[in-house]
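Only one structure is covered here, and it is reproduced in the block below.
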Amino acid sequence: MSSHSIDNIRNFSIVAHIDHGKSTLADRLIQTTGAISEREMTEQVLDSMDIERERGITIKAQTVRLEYPAKDGKTYVLNLMDTPGHVDFAYEVSRSLAACEGSLLIVDASQGVEAQTLANVYQALDAGHEIVPVLNKIDLPAAEPDRIKEQIEEVIGIDASEAIAISAKTGLGIPDVLEAIVTRLPPPKGDEAAPLKALLVDSWYDAYLGVVVLVRVVDGVLKKGMTIRMLGTGATYGVDKVGVFRPKMRDVAALGPGEVGFLTGSIKEVADTRVGDTITDDRRPTTDALPGFKPAQPVVFCGLFPVDAADFENLRAAMGRLRLNDASFSFEMETSAALGFGFRCGFLGLLHLEIIQERLEREFNLDLISTAPSVVYRLNMSDGTMMELHNPADMPDVMKIASIEEPWIRATILTPDDYLGAILKLCQDRRGEQIDLNYVGKRAMVVYDLPLNEVVFDFYDRLKSVSKGYASFDYAITGYREGDLVKMSILVNAEPVDALSMLVHRARAEMRGRAMCEKLKDLIPPHLFQIPIQAAIGGKIIARETIRALRKDVTAKCYGGDASRKRKLLDKQKEGKKRMRQFGRVDIPQEAFIAALKMDS
1 MSSHSIDNIR NFSIVAHIDH GKSTLADRLI QTTGAISERE MTEQVLDSMD IERERGITIK
61 AQTVRLEYPA KDGKTYVLNL MDTPGHVDFA YEVSRSLAAC EGSLLIVDAS QGVEAQTLAN
121 VYQALDAGHE IVPVLNKIDL PAAEPDRIKE QIEEVIGIDA SEAIAISAKT GLGIPDVLEA
181 IVTRLPPPKG DEAAPLKALL VDSWYDAYLG VVVLVRVVDG VLKKGMTIRM LGTGATYGVD
241 KVGVFRPKMR DVAALGPGEV GFLTGSIKEV ADTRVGDTIT DDRRPTTDAL PGFKPAQPVV
301 FCGLFPVDAA DFENLRAAMG RLRLNDASFS FEMETSAALG FGFRCGFLGL LHLEIIQERL
361 EREFNLDLIS TAPSVVYRLN MSDGTMMELH NPADMPDVMK IASIEEPWIR ATILTPDDYL
421 GAILKLCQDR RGEQIDLNYV GKRAMVVYDL PLNEVVFDFY DRLKSVSKGY ASFDYAITGY
481 REGDLVKMSI LVNAEPVDAL SMLVHRARAE MRGRAMCEKL KDLIPPHLFQ IPIQAAIGGK
541 IIARETIRAL RKDVTAKCYG GDASRKRKLL DKQKEGKKRM RQFGRVDIPQ EAFIAALKMD
601 S
């Protein structure tokens, strides 16, 4: 058994909106408790990936165990879970919260409560957490602690009179945070004598140790050398080592109730460990499983293709490796006439897509092209069956479809009053339905129902640009609704280009089609023959642009003489052009695809 009694353990996570200082506070807590020597201390200790450091965002939830000698003379064990703030990684947050009993809620003392602050706090409250509000960036001249305290009480409805004022950057107020964790957050509950019951919080692949599983022990003791069973999959494994993170891995003899640590063993692939599964002792199994997590549902799909077809196998291997560490990313093979072999991949949102694509390009040196992101549609067929459509190119015959349903989201947008008009217009333009509009202090909180299809393209970028970056946005999928959707195909020289086909709402099809054609006209270089670019719905052309032919001056050698000689040469050229147009192939450069897919009309 570990030397700590369960009353001296505190498991907590830090929740906040993006950029309110979660990772910086984590750094200070690690530094103050001396978990890392000053020499090893770097900024954002827990953000281990290059992308996390460059973009200054947390993607994977990380944990660390700190030892803190409190004022009451006892030494406490603090297990800190640093969570992402970004909406796409909300499932990372939910599973970190399930392993803790309390949360520090960080609010920027100059910015106040933002959309994801709300979303993450509600998740913590749903998980039954005790919450300690912390006002960060108190050293900034723009900080207004009293106003923000009122705002926390007004918007979130939790008592903020004892909110702790700190500056994570300078280290001001950090000892108060540590004391509050010990005094205001509850210790975990658990029975050491009961059969082992542990929650599988996360798992990843380590080049030296194999699969590492992050666990939170609820009851019983997890020891080295035992045989464990996963209740969800029924598989059994031997445990080789048990340990904790003090950010570096440190082996321990056993993990008791309430403790957070890791185990490694005879597990072959990360795919065998389902996040949210219950781990128990094979000899003395527990009867009831812990409530797991909802599996992360991919909502955005797009095709990823290697620029160089020879890279296909490397891409397959790279995706397999990423899938090991990120259970929410899914992929299957697909082929496309324009782009060759590639994969259809599912993501939790656009940021997730961007991060995965960047990791593939950076960590595995691949050049990739992604097709237009699309959402999962449900097609109700005339014969009563339902099929899911991930790729607009696979759409069956329109005559067989009774109706098409598309996913909708409930979006919460917080914005300063000055930009309200522009944001309402943006939401209306995207076929949104206003649900609610009220004021939180000086800021408006707008709640809209929007079709995900409209949000996936560039909604977030547009929102940031119309509000000069001040609006914050959070969403949750609400369900499917029937919509008047049609498949729009793009034809180049009368050949459909499958990578550019998409499902659009009938009312907006013409606008989208026209924008797409105009864009392609500038992107495809002229050939020796005229190229028509058309957008079509079924057999009906809704927009057209023409790329003029390059032509050689065939009449240059004629001087004087009869006009019919010139005519003859021009007619001969015309015949040639006609033949070329019939048999000629239009080469669409890769850049044209990428640029055409970044629509921002």
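The sequence shown lines up with residues 1 to 601 when you count with UniProt numbering.
Using N, Cα and C, we set each Cβ at its ideal position, and we do this for glycine too.
Values in this document were obtained by computation on a predicted structure and should not be read as measured data.
So for residue i, helix, strand or coil by DSSP?
i	result
A16	coil
G340	strand
F364	coil
L564	It should be noted that the sequence gives Ser, not Leu, for residue 564. Of the three classes helix, strand and coil, the one that applies to S564 here is helix, per DSSP.
V121	helix
D308	coil
Y419	helix
F329	coil
V132	strand
K268	coil
P532	strand
C302	strand
S382	coil
H527	coil
S161	coil
A507	helix
A143	coil
N11	strand
M319	helix
C100	coil
V239	strand
residue 604	The question about residue 604 has no answer, for the chain in this structure spans 1 to 601.
Y76	strand
A543	strand
C345	strand
Relative to the C-alpha of residue i, which residue among the options is closest?
i	options	result
G340	A499, M445, P532	A499
Y68	V113, M81, A26, L178	L178
R10	S110, G112, K189, V376	K189
I156	P145, A165, P133, V455	P133
Y122	A143, A109, R284, L97	L97
M488	V77, T170, S374	S374
Y76	N8, K137, E130	N8
L348	V376, V252, L368, L231	V376
G21	C100, Q111, R514	Q111
A180	T233, K71, A422	K71
G102	T32, L520, F12, L437	F12
V398	R410, N380, A411	N380
P206	G225, D191, M333, L263	Before going further, note that residue 206 is Asp rather than Pro in the sequence given. Comparing Cα positions, the closest option is L263.
E518	E545, A507, P526	E545
D108	G232, K552, H129, I138	I138
Q534	P525, G513, R579, R378	G513
Within 10 angstroms of the Cβ of residue i, are there 16 or more other Cβ atoms? Answer buried if so, exposed if not.
i	result
L46	With a pLDDT of 44 at L46, under the threshold of 50, the modelled position of this residue cannot be trusted, and the question is left open.
L528	exposed
M511	exposed
I174	buried
A494	exposed
S382	exposed
residue 630	This structure cannot settle anything about residue 630, because the visible part of the chain is limited to 1 through 601.
L570	exposed
A143	buried
Y237	buried
P306	buried
R323	buried
P451	buried
C558	exposed
S161	exposed
M386	exposed
How many whole angstroms separate the CB atoms of residue i and residue j, which I take to be in contact at a CB cut-off of 8 Å?
i	j	result
A536	L491	6 Å
G265	D240	5 Å
L209	A254	Actually they do not touch by this definition, with Cβ atoms about 18 Å apart.
A198	R216	6 Å
N136	I166	6 Å
G171	R28	6 Å
Q530	I547	7 Å
A99	V211	Wrong, their Cβ atoms sit about 18 Å apart, outside the cutoff.
A476	R410	6 Å
G258	M249	Between M249 and G258 the Cβ distance is about 20 Å, and since that is not below 8 Å, they are no contact.
query: Is the region 412–428 touching the region 465–483, taking contact as three or more C-beta pairs under 8 Å?
result: yes
Requested in this report: Indicate whether the contact test is met: 3 or more Cβ pairs, each with one atom in the region 393–409 and one in the region 479–494, closer than 8 Å.
Outcome: yes
(Q) Would you call the region 341–349 in contact with the region 307–318, where contact means no fewer than 3 C-beta pairs closer than 8 Å? (A) yes
**Prompt:** Quick check: the region 458–466 against the region 422–442, are there 3 or more CB pairs under 8 Å?
**Reply:** yes
Indicate whether the contact test is met: 3 or more Cβ pairs, each with one atom in the region 390–404 and one in the region 435–450, closer than 8 Å.
-> no
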